[in-house]
Amino acid sequence: FHVHAHKDECYFRYATTFIPGAGIVKGQILESNWSILNKISPTARTATLAHRTEMLDDHACDSNHKKTL
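With the numbering used here as the guide, the letters of the sequence shown map in order to residues 11 to 79.
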């Protein structure tokens, strides 16, 4: 989150760390998934739309499952 590069006054006022009920999200998680999805891209490229969607969904669910372990 870019607020960390601002002045201390901005940081303490706007950083999600200090906002009750706010969560912190790793914004680059999609980029880390690309390396995994690139492995299935040759197969997904030639699949039908329905099959491609199912393949991507399966791999995304697997990635989410691995995060919970």
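C-beta: ideal position from N, C-alpha, C; glycine also.
In this text the structure is predicted, and so the values were computed from the model without any measurement.
Opening and closing residue of the alpha helix (DSSP H) in which residue i lies
i	result
L59	59-78
F22	18-24
CB of residue i within 8 Å of CB of residue j, strictly
i	j	result
N48	S73	no
H75	I46	no
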